[in-house]
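Visitor:
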Amino acid sequence: MHEVILNTHPFSFRIHTNAPLVLKNLERIYGAERLNFSPNSNDFAHYNVSLVIERKLGRLWKPQAHFLCDEIEPFVPMDSDKAYAMLEWGLNWVVAAHEVNHAIVHAAVLAKEDKAVLLPAPPGSGKSTTCCAFMAHGWRLLSDELALITPNTLTVTPFVRPACLKNKSIEVVKGWLPNSVYSDIARNTHKGDVVHLSPSEHSWKHRYHDAVLTTVVMPTYNANTYCDITPLTQRQTFQQVFDNCFNVGILGQEGFSTLSHAADNLEGYQITFNNADEVVAFIEETHGFA
Amino acid sequence: MSQFSPQFLHDIWHKRADLTSLSAKEWEDLVLLLRSEMLLARFAYFYQQQSAEFPRFVQWHLSNARKLARKQAKQVLLEATLLTPLCRAHSDSVVFLKGAAYTLLGGELAQGRVYSDIDLLVSKAGINSIEKDLVFRGWISKPLNDYDDYYYRQWVHEIPPLIHSNRGTVLDLHHNIVPPISGKAPNVDSLLSCVTETDDGLTVLSPAGLLLHSCVHLFFNEEQEHGYRDLVDIWLLLTRYKSPDFWQQLHEIIEHVGFKTEVILGLHYTAQFFEVDIPASLSRHQINSVRWSLLDFIYKRTLLPNHKTVKVSAQKLAIFMAWVRGHWCKMPIHILLWHFIAKGGRKLAEGLFGTHIFKKTVPQQQ
Amino acid sequence: MAVAFNLCEGVVLHSFCDSSGSVFYNDTSGDILSVPLTVSPSEGGRFICHNTEGLGGKSVITPPEAVTNSIEQLVKRKWITLHNA
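Residue numbers (my numbering), protein chains in the order written: chain H, 1 to 290; chain W, 1 to 366; chain U, 1 to 85.
Structure, rendered in C-alpha cells:
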C-alpha cells in the first residue's frame with residue numbers, strides 16, 4: 001500500500017492506495033511537485049482517504065475499486081479500471097460532505113484578471129465543455145465542480161483540480177486543447193466514458209489567488225441552438241445558485257445572506273448553445289475584455 | 001498512524017494532555033480519532049479558548065465541527081417542538097432520551113454533543129398510531145435489510161427508525177429502554193416518573209434516569225460503537241448534577257427499574273477514566289469477583305475507542321465477547337441462537353462482499 | 001395594492017435590488033420561498049409589500065393575483081402575520 005499526500009489548495013489529502021493506475025494518473029495530472037511520496041511526522045493533510053483495489057470472493061475475475069474516507073465507504077465499488085476517476089469523485093464528496101467554512105456551490109468557476117464567472121450546472125448541461133472553452137481563451141480554472149465562496153462576500157477561493165470530461169466532449173476538447181494533459185480514459189462509468197483534464201498552466205500558476213464573482217451563467221447545451229442568451233432576474237439567479245448550494249442548510253442564515261448578496265451583485269444569464277466559443281465571446285464582451 | 005495511549009485521551013478532557021508537543025501528523029490523526037468517536041465538536045468547545053494556538057488546519061476542522069454541532073442542536077430543538085404535540089395526541093408521555101436529551105438540557109453537557117438519531121420514549125399503546133401520523137407527515141422508514149426490519153418488528157417490538165424525507169432527521173421511537181422479549185424490560189411507569197422539564201417545556205429523563213439509561217445502553221447493547229463518548233457524557237452528567245439528592249434518586253430508580261450491574265459498570269469506568277467519586281453502595285465490589293474479572297476483561301477494552309490510533313491489547317476478542325454478552329442479555333436462548341446465526345451469517349457475507357451489496361439505493365455521485 | 005405584515009420568529013427576507021421579487025427564508029427549517037413581491041421596511045418592524053411599479057427606476061408591475069397568492073402561501077406556512085390596518 002502506498003501513501004502519498006496530495007497538496008492541493010486549500011485542502012490537502014493523504015491518499016492510501018494499492019493501485020498503480022491511481023499513482024500514475026495523480027503524477028501525470030498534478031505533477032510530482034504537488035505530491036509528497038514520503039511524508040514524515042511534520043507533514044499533515046486535511047483529509048485521509050483510501051482508494052483500494054480488492055478481489056472479493058465471488059468476483060475473482062473482476063477486481064473492484066473502493067473509495068473510503070475515515071473508514072466510511074460512500075460509493076458502491078466500481079471496476080478497477082475506473083479507480084482514478086473514482087478517486088477524483090471521492091475527493092469532491094469529501095469536501096462537499098465536510099466543509100462548512102465556505103458556501104459551497106456545485107459549479108465551475110473561471111476567472112480572467114481576477115473577475116470570476118460561476119457556472120452552476122446539473123450533469124449533461126455542457127458545463128465542463130464550456131469550462132474548457134474558457135480555458136482555451138486564456139481564462140484560468142478555479143474549480144470544475146466545487147465553488148468555494150467566502151461567506152458574505154463575492155470572493156471565490158480556487159480549488160484547482162482536474163476537469164471531468166465525458167463522452168463526446170472528450171474529442172471536442174482535445175481539439176481545442178491538444179497540448180493539455182489528460183488522464184487515462186475510464187470507460188462505461190455511470191456517467192459514460194470519462195477523462196480528467198489537468199487545468200492549464202495558467203490555472204496552476206494562480207491557484208492561490210482568490211477572484212471576485214461578477215457573473216453567473218447557466219449553460220444548456222442544445223445541438224440545434226447556436227447561441228441563445230436570456231438575462232436572468234436577480235431572483236432567478238438566486239434560485240439557481242441556491243438550488244446548487246450543497247451546504248446552505250448547515251450554514252443557515254449566513255448561507256442565505258451570502259447567496260442573496262451574490263444575487264444582488266451578479267449578472268445572471270441562461271445560455272443555450274451548441275458553440276461554446278460564443279458563450280466565452282459574450283462574457284468577454286460584457287466584461288470589456290478584448 | 002500515530003499511537004495514543006488511553007491515559008492521553010483521558011488527560012485531554014482534564015486539560016492535562018500536552019497538546020503543544022504533538023507533531024503535525026499526530027494532530028492529523030488525533031482529529032481523525034476524535035471525529036471517528038464523535039467527539040470532535042466536544043473537543044472544539046472544550047478547547048475554544050486555547051485553539052488559537054493549535055495548527056491552522058486543526059482550527060479549520062474544529063470550526064467546521066462547531067458549526068455542524070450548532071446546526072444539529074438547532075435541528076433537534078425544532079424536531080422536539082414539532083414532535084411533542086403530535087405524539088401527545090396518542091401518548092401521555094413523550095420523553096426525550098440520550099443525545100437529544102443532553103442537547104435539550106443545555107450547558108456544557110450539550111455543547112458539541114452530536115449524534116445520529118433522536119431517541120424518543122412514548123407509551124406502548126400509542127406507538128403504532130404515532131408511527132402512522134408521522135408517516136403522514138413525511139417520515140419514512142429508514143431502509144434496512146429485510147432481516148433487520150423483521151427483527152425490529154417481531155422480536156424487539158419497536159418500530160424501525162424513521163427518517164424525515166425532507167429534513168433527513170432520523171427518529172428512533174421506543175416504548176421501553178430494553179426489548180421486552182428479553183424478559184428484563186422494566187415497568188416503564190416507574191421510569192416515566194423520573195422525568196424533568198427543560199427550559200423550553202420539553203420533557204426529558206431526569207439526570208439520574210439519563211445516567212441509568214446510558215449505562216443500560218452501553219452494557220446491554222450488542223454493539224458498543226461509541227462507548228468512550230458515552231462515558232464522557234456520563235462524566236459530564238455527574239459533574240453537573242451529582243449531589244446527595246442525585247444519588248438518592250439513582251438508588252430509587254435502580255430499586256424500581258433494575259439494572260444495578262449496568263450502573264455499577266458505568267460508574268466504575270467513568271471513575272477510572274475521569275477520576276470522579278462514587279458512593280460505596282455502587283462500587284464494583286458489589287459484584288461477585290469471578291463475574292467481575294470477566295466483565296472487566298471485556299469492558300476495559302471495549303470502552304476505549306476502536307480506532308487504529310489507540311492500541312488496546314485483545315480488543316477484538318473483547319469486542320466479540322461484548323457482542324455475545326449483549327445478545328445474551330437481551331433474549332431467551334432459543335431466539336438468541338436464531339438471531340445469532342442469521343445475523344452472524346449476514347455479517348459474514350457483508351464482510352466478504354461489502355456492506356453496500358445490501359444497500360437499497362445507490363448513493364448519487366456529484 | 002399595499003399589504004402590511006410582520007415576519008414570524010426565525011424568518012428573514014431579502015428583496016432584490018432589481019425589483020424582481022423577494023425571497024423568504026425560515027432559519028429553523030432551512031426552507032425558502034421565492035415570491036414575485038417587492039418588500040420594503042416600514043415603521044414598527046413591519047414590512048410593506050406592493051406592486052412594484054415605479055420602484056428602483058423600473059416599472060415592473062406584479063399582477064394582483066400574484067401578490068395575493070404569495071401572501072397566502074406565506075401566511076399558510078406561518079412565516080408572516082398580516083396587519084389589517
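C-beta: ideal position from N, C-alpha, C; glycine also. All values derive from a computational prediction rather than experimental measurement.
Is residue 293/W helix, strand or coil by DSSP?
Guide: In the structure shown, residue 293/W sits in a helix (DSSP, three-state: H, G or I).
Visitor: Please state whether the Cβ-Cβ distance between residue 147/H and residue 100/H is less than 8 Å.
Guide: No.
Visitor: Does DSSP put residue 22/W in a helix, a strand or coil?
Guide: Residue state, collapsed to three classes: coil.
Visitor: Going along the chain, which residues of its own chain have a beta-carbon closer than 6 Å to the beta-carbon of residue 82/U, five neighbours each way excluded?
Guide: Here the set comprises 5.
Visitor: Please give me, in chain order, every unbroken run of the alpha helix (DSSP H) with length at least 4 that falls completely inside the region 50 to 105 of chain W.
Guide: The qualifying runs are 56 to 88, 98 to 105.
Visitor: Quick check: the region 157 to 167 of chain H against the region 182 to 192 of chain H, are there 3 or more CB pairs under 8 Å?
Guide: A contact exists between the region 157 to 167 of chain H and the region 182 to 192 of chain H.
Visitor: I'd like to confirm the pairing. Which residues does DSSP put opposite residue 50/U in its beta bridges?
Guide: 38/U, per the DSSP bridge assignment.
Visitor: Can you tell which of 221/H, 54/H, 97/H has the C-alpha that lies nearest to the C-alpha of residue 74/H?
Guide: Nearest of 221/H, 54/H, 97/H to residue 74/H, Cα basis: 97/H.
Visitor: Can you give the Cα-Cα distance for residue 210/W and residue 250/W, rounded to whole angstroms?
Guide: So the alpha carbons of these two residues sit roughly 10 Å apart.
Visitor: Could you tell me which residues DSSP pairs with residue 182/H in its beta bridges?
Guide: Paired residues: 197/H.
Visitor: Just curious, the alpha helix (DSSP H) that residue 283/W is in, first and last residue?
Guide: Taken as a continuous stretch (DSSP letters only), residue 283/W belongs to no alpha helix (DSSP H), as it is neither H nor E.
Visitor: Grab me the residues of residue 291/H's own chain with a C-beta within less than 8 Å of its C-beta, minus the 5 sequence neighbours each way, in chain order.
Guide: Since the displayed chain H opens at 1 and closes at 290, residue 291/H lies outside it and no answer follows.
Visitor: When DSSP labels each residue in this structure, what does residue 231/H get in the three-state scheme?
Guide: DSSP places residue 231/H in strand when its eight states are reduced to three.
Visitor: Which residue marks the beginning of the beta strand (DSSP E) containing residue 197/W, and which one marks its end?
Guide: Per DSSP, residue 197/W belongs to the beta strand (DSSP E) from 195 to 197.
Visitor: Mind checking if residue 34/U is an interface residue toward chain W, Cβ cutoff 8 Å exclusive?
Guide: It does not: the Cβ of residue 34/U has no partner Cβ on chain W nearer than 8 Å.
Visitor: Taking the beta carbon of residue 332/W as the centre, do at least 16 other beta carbons fall within 10 Å, making it buried, or is it exposed?
Guide: No answer about residue 332/W holds up, because its pLDDT of 42 lies below 50 and its placement is not dependable.
Visitor: Can you look up residue 16/U in the DSSP assignment and give me helix, strand or coil?
Guide: Correct three-state label for residue 16/U: coil.
Visitor: Can you confirm whether residue 173/W, when its beta carbon is compared against all beta carbons of chain U, has any partner nearer than 8 Å?
Guide: Closer than 8 Å: no.
Visitor: What did DSSP end up calling residue 64/H once you bin it into helix, strand or coil?
Guide: Three-state DSSP puts residue 64/H in a strand.
Visitor: Taking just the CA atoms, how far does residue 271/W sit from residue 213/W?
Guide: Roughly 18 Å between the two C-alpha positions.
Visitor: Between residue 44/U and chain H, is any beta-carbon pair separated by less than 8 Å?
Guide: It does not: the Cβ of residue 44/U has no partner Cβ on chain H nearer than 8 Å.
Visitor: Within the same chain, show all residues whose beta-carbon is closer than 6 Å to that of residue 15/U, passing over the 5 residues directly before and after it, in chain order.
Guide: Closer than 6 Å at Cβ, skipping near neighbours: 22, 38, 39.
Visitor: Can you tell me whether residue 222/H is helix, strand or coil according to DSSP?
Guide: Looking at residue 222/H - three-state DSSP - the assignment turns out to be coil, as it is neither helix nor strand.
Visitor: Is residue 12/W helix, strand or coil when you go by DSSP?
Guide: Residue 12/W: helix per DSSP, three-state reduction.
Visitor: Hey, does residue 202/W have any beta-carbon neighbour from chain U nearer than 8 Å?
Guide: No, residue 202/W lies away from the interface with chain U (no Cβ there is under 8 Å from its Cβ).
Visitor: On the criterion of 16 or more Cβ atoms from any shown chain inside 10 Å, does residue 235/H qualify as buried, or is it exposed?
Guide: Residue 235/H is buried by the Cβ-count criterion.
Visitor: Which residues of chain U have a Cβ atom closer than 9 Å to the Cβ of residue 134/W, listed in chain order?
Guide: Residues of chain U passing the Cβ test: none, with the nearest at roughly 16 Å.
Visitor: Closer than 9 Å between beta carbons: that is the criterion. Which residues of the region 99 to 110 of chain H meet it against chain W?
Guide: Of all residues in the region 99 to 110 of chain H, 99, 100, 101, 106 have a Cβ within less than 9 Å of some Cβ in chain W.
Visitor: Residues in the region 37 to 52 of chain H with C-beta within 8 Å of chain W's C-beta atoms, listed in sequence order?
Guide: Correct list: 39, 40, 41, 42, 43, 44, 45, 46, 48.
Visitor: Please confirm whether residue 16/U has its beta-carbon closer than 8 Å to some beta-carbon of chain H.
Guide: Closer than 8 Å: yes.
Visitor: Which of the three DSSP states is assigned to residue 276/H in this structure?
Guide: Three-state result, residue 276/H: helix.
Visitor: Buried or exposed: which applies to residue 14/W, given that a residue is buried once 16 or more other Cβ atoms fall within 10 Å of its Cβ?
Guide: Residue 14/W comes out exposed.
Visitor: Could you tell me whether any Cβ in chain H is nearer than 8 Å to the Cβ of residue 40/U?
Guide: Closer than 8 Å: no.
Visitor: Please state whether the Cβ-Cβ distance between residue 116/H and residue 212/H is less than 8 Å.
Guide: In this structure, residue 212/H lies closer than 8 Å to residue 116/H by Cβ.
Visitor: Assign residue 226/H to one of two classes, buried (16 or more other C-beta atoms within 10 Å of its C-beta) or exposed (fewer than that).
Guide: So residue 226/H ends up on the exposed side.
Visitor: Report the residues of the region 185 to 205 of chain H with a CB closer than 7 Å to any CB of chain W, ordered along the chain.
Guide: Hits within the stretch: zero.
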